[in-house]
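Data block below; observations after.
There are 2 protein chains.
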Amino acid sequence: MHTLLKKAVLRHISTGKGEVGLEALDDSAVIDDIVFTIDGHTVQPLEYPGGDIGRLAVSGTINDISAMGASPIALASSLIIEEGLDLDLLDRVMVSMGKAANEAGIPIMTGDTKVVERGGVKGMTVTTAGIGRAGNALLHNRNVCKEHGREVHWLTDTNLHDGDILLISGTIGDHGIAILSFREGYGFETDLESDNAPLNKLMEGAMDVGGVVSAKDPTRGGVANCLNELAEKSHIGIEIDETTLPFKDAVLGASELLGIDPLNVGNEGKMILAVVPQKAGEVLEAVRRHPNGKDAASIGKASSRVKGVVMATKVGGRRIVEPPIGDPVPRIC
Amino acid sequence: MHTLLKKAVLRHISTGKGEVGLEALDDSAVIDDIVFTIDGHTVQPLEYPGGDIGRLAVSGTINDISAMGASPIALASSLIIEEGLDLDLLDRVMVSMGKAANEAGIPIMTGDTKVVERGGVKGMTVTTAGIGRAGNALLHNRNVCKEHGREVHWLTDTNLHDGDILLISGTIGDHGIAILSFREGYGFETDLESDNAPLNKLMEGAMDVGGVVSAKDPTRGGVANCLNELAEKSHIGIEIDETTLPFKDAVLGASELLGIDPLNVGNEGKMILAVVPQKAGEVLEAVRRHPNGKDAASIGKASSRVKGVVMATKVGGRRIVEPPIGDPVPRIC
Chain A
1 MHTLLKKAVL RHISTGKGEV GLEALDDSAV IDDIVFTIDG HTVQPLEYPG GDIGRLAVSG
61 TINDISAMGA SPIALASSLI IEEGLDLDLL DRVMVSMGKA ANEAGIPIMT GDTKVVERGG
121 VKGMTVTTAG IGRAGNALLH NRNVCKEHGR EVHWLTDTNL HDGDILLISG TIGDHGIAIL
181 SFREGYGFET DLESDNAPLN KLMEGAMDVG GVVSAKDPTR GGVANCLNEL AEKSHIGIEI
241 DETTLPFKDA VLGASELLGI DPLNVGNEGK MILAVVPQKA GEVLEAVRRH PNGKDAASIG
301 KASSRVKGVV MATKVGGRRI VEPPIGDPVP RIC
Chain B
1 MHTLLKKAVL RHISTGKGEV GLEALDDSAV IDDIVFTIDG HTVQPLEYPG GDIGRLAVSG
61 TINDISAMGA SPIALASSLI IEEGLDLDLL DRVMVSMGKA ANEAGIPIMT GDTKVVERGG
121 VKGMTVTTAG IGRAGNALLH NRNVCKEHGR EVHWLTDTNL HDGDILLISG TIGDHGIAIL
181 SFREGYGFET DLESDNAPLN KLMEGAMDVG GVVSAKDPTR GGVANCLNEL AEKSHIGIEI
241 DETTLPFKDA VLGASELLGI DPLNVGNEGK MILAVVPQKA GEVLEAVRRH PNGKDAASIG
301 KASSRVKGVV MATKVGGRRI VEPPIGDPVP RIC
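Read top to bottom, the protein sequences are chains A and B.
Sequential numbering from 1 applies to the first sequence in the numbering used here.
Sequential numbering from 1 applies to the second sequence in the numbering used here.
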């Protein structure tokens, strides 16, 4: 249904004339030097270990702007609430949205609230939009890229060149596996928590070093989908090394139990960065200095020697990493 | 529940530091000279005489930006779709969104689509966000206001002064009464249709004349709510004259049948403008030249002689126009 929808939606409503429009299907659109994004959130349950729908929404929107290299300047939030929703729960979600926005230092400027009769939505949905602009960090990053022979404007998915180093800002699969474990009742004995967090400051730290050519947050479809999109849109292969991929033991354990590849599930507080080789070590250090980046790792590189995404496995072989078909864990974002 | 929500939401998530923030509860927020708005739409049924949820969403967002005096530059749309929704209906809604956006000349730059299991939403919800900037029309309007001794930046709800003339861009109550008649089965024998339409060009035409100090679209709570908000936020009374209020006969007939005051129901293609007296006639003519403004009328004025909103009735009396308590017609926007 998703592909069908995407086609239906794009065919009729795209009238894009900005710098990065709907057709690009990038993290955000850019028009008139304003980065603009929107995301609807329907996670079930509304609260889960490590987060809730409010924190998820704020983080997701900030990260979509940050993944373009922009600095977010404001958020807008639209709530659709089912009549009879527990007001204490609603209150906790609101507190959580405010806390996540404060953590990021970004105001929620405008909002809308609709209450619908029972059955109109399941509990509540939170749709957040955000705007951002090129900040000092991106301007500096552009200069450093230029020093290394690269013309980088926004950190779009199309910017990878042969040899660019791929970093991930932390452990893989935490959000999707935490939610699924919780739903299935496997989560209670572990400390498995969602990673949902705003990453604008982490990204600004990376760009303050400079040399970042592209960034993308591996949400729906996980790392596997994210890397495939980068490879496809940049017309270049990607090689990653399984031994370098950071995983929490609890995620590996639960994934095995649930029969799910953690590369295929959504992360909500992670960023994949592509960096020119000369600056990759320094950028990795900068990312690690951020609390949400302490487990950051260098996981591979863009490579014209392969097609698609190829992983050197722990046991010495190689396998193709395909994007997942459909969503292995529905309603996690 | 609404007041409760508004309090709950505002208390925690407002971290506004823009020019017009969440606390102002104006049509849109303004930060960094960018006008920014969001609106969630849950209308039932999804298609109705004269429109559908897609046209409603696009029009509503464009009008919230236009009501600030800004020129919209881009829209974003987030769809939450119930699994199994009729794809032909979805297709028609998408076509309709595209058509409304083209009518307004504004691109839908970015979007998000989530499919949820049956019962997750009722059919679909459409949340739209929009950004706008001060265009040439607003800059000209600011100058003309200044010539008449008025410092007007954005067309906020706080700008009314004693003697400002109030115009409405067309007939009152069409959207709410059309939807309710249709739902109740009374609509079939009339040509009663929703007025949902984007009004950015109409507003630009009015500002090209100049002297517009405030604008607001009378959506939820209708004209009664809109005028009361203007009066309250501007700390001035409002006098209107019932004989000048434009109504379609079909709206009056259906309102009587349904026992609903059409001043209390939402309009989705109308604007109330406050204009300095010297320019009111000319602005009215400009609004009437626009296809969506042909029934525009001058309906009253801001007045320090009264408190709240007072209407001179047809029969020669006077009555206070109170804002409606709750929504007389739920789920129409």
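The beta carbon of each residue, even a glycine, is placed where N, CA and C say it ideally should be.
Small disclaimer: the values here were computed from a predicted structure and weren't measured.
- Close to residue 21 of chain B, with beta-carbon spacing below 9 angstroms, are these residues of chain A in chain order: 107, 109 and 110.
- Taking a cut-off of 8 angstroms on C-beta distances, the region 302–318 of chain B does not touch the region 196–207 of chain B, as fewer than three cross pairs fall below it.
- In the three-state DSSP reduction, residue 72 of chain A falls in the strand class (E or B).
- Shown here for residue 96 of chain A: same chain residues with a beta carbon closer than 7 angstroms to its own, the five before and five after excluded, namely 52, 54 and 55 in chain order.
- From the beta-carbon of residue 39 of chain A, the residues of chain B found nearer than 8 angstroms are 78 and 112.
- Per DSSP, the beta-bridge partners of residue 301 of chain A are A:165 and A:239.
- The beta-carbon separation of residue 329 of chain B and residue 176 of chain B, rounded to 5 angstroms, stays under the 8 angstroms limit for a contact.
- Within the region 23–78 of chain A, the beta strand (DSSP E) runs of at least 3 residues that lie entirely inside it are, in chain order, 29–31 and 34–41.
- CA-to-CA, the gap between residue 185 of chain B and residue 76 of chain B works out to about 34 angstroms.
- The shortest C-alpha to C-alpha distance from residue 323 of chain B to any of B:237, B:228 and B:219 is the one to B:228.
- Contact annotation: the region 156–170 of chain A does not touch the region 63–78 of chain B, with fewer than three C-beta pairs closer than 8 angstroms.
- Annotated as distal: residue 233 of chain B and residue 27 of chain B, with beta-carbon spacing of 9 angstroms or more.
- The residue from B:98, B:249, B:78 and B:150 with its alpha-carbon nearest to that of residue 279 of chain B is B:150.
- Counted as a single uninterrupted DSSP element, the beta strand (DSSP E) harbouring residue 318 of chain B occupies residues 318–320.
- Annotation: Cβ neighbours of residue 120 of chain A in chain B (cutoff 9 angstroms, chain order): 42, 44, 121, 122, 125 and 331.
- In terms of CA proximity to residue 274 of chain A, A:303 leads the group A:255, A:303, A:249 and A:294.
- Scanning its chain for C-beta atoms nearer than 8 angstroms, with the 5 sequence neighbours on each side dropped, one finds around residue 193 of chain B the residues 49, 50, 51, 174 and 178, in chain order.
- Contiguous beta strand (DSSP E) elements confined to the region 98–143 of chain A occur at 108–116 and 124–133, taking only those with 3 or more residues.
- If you draw a straight line from the Cα of residue 295 of chain A to the Cα of residue 272 of chain A, it comes to about 13 angstroms.
- Close to residue 303 of chain A, with beta-carbon spacing below 9 angstroms, lies no residue of chain B; the smallest spacing is near 31 angstroms.
- If you look at residue 286 of chain A, you'll find it in the alpha helix (DSSP H) that goes 277–289.
- The beta carbon of residue 107 of chain A sits closer than 6 angstroms to the beta carbons of 74 from its chain, once the five residues preceding and following it are set aside; these are given in chain order.
- According to the DSSP assignment, residue 309 of chain A belongs to the beta strand (DSSP E) that extends over 309–312.
- Spatial neighbours of residue 237 of chain A in its own chain (CB-CB distance under 8 angstroms, excluding positions within 5 residues in sequence) are listed in chain order as 231, 302, 303, 304, 305, 306, 307, 308, 309 and 310.
- If you check each beta-carbon in the region 240–253 of chain A against every beta-carbon of chain B, none falls closer than 8 angstroms.
- Within the region 23–36 of chain B, 28, 29, 31, 32, 34 and 36 place their CB atoms closer than 7 angstroms to a CB of chain A, listed in sequence order.
- Among the residues of the region 42–76 of chain B, those with a Cβ less than 7 angstroms away from any Cβ of chain A are 42, 73, 74 and 76, in the order of the chain.
- Spatial neighbours of residue 314 of chain A in its own chain (CB-CB distance under 8 angstroms, excluding positions within 5 residues in sequence) are listed in chain order as 242 and 243.
- Closest in alpha carbon position to residue 127 of chain A, among A:57, A:101, A:213 and A:142, is A:57.
- Chain-order list of chain A residues neighbouring residue 178 of chain B: empty, with the shortest C-beta distance near 20 angstroms, by a criterion of under 7 angstroms.
- Judged by DSSP secondary structure, residue 197 of chain B falls outside any beta strand (DSSP E); it is assigned neither H nor E.
- The C-alpha of residue 199 of chain B is placed about 39 angstroms away from the C-alpha of residue 196 of chain A.
- Counting along the chain, residue 250 of chain A sits inside the alpha helix (DSSP H) bounded by residues 249–258.
- The region 27–37 of chain B makes contact with the region 108–115 of chain A: 3 or more CB pairs, one atom from each, lie closer than 8 angstroms.
- In summary, residue 290 of chain A is buried, with 16 or more beta-carbon neighbours lying within 10 Å of its beta-carbon over all protein chains present.
- Against chain A, the beta carbon of residue 129 of chain B has neighbours under 7 angstroms at 38, 76 and 129, listed in chain order.
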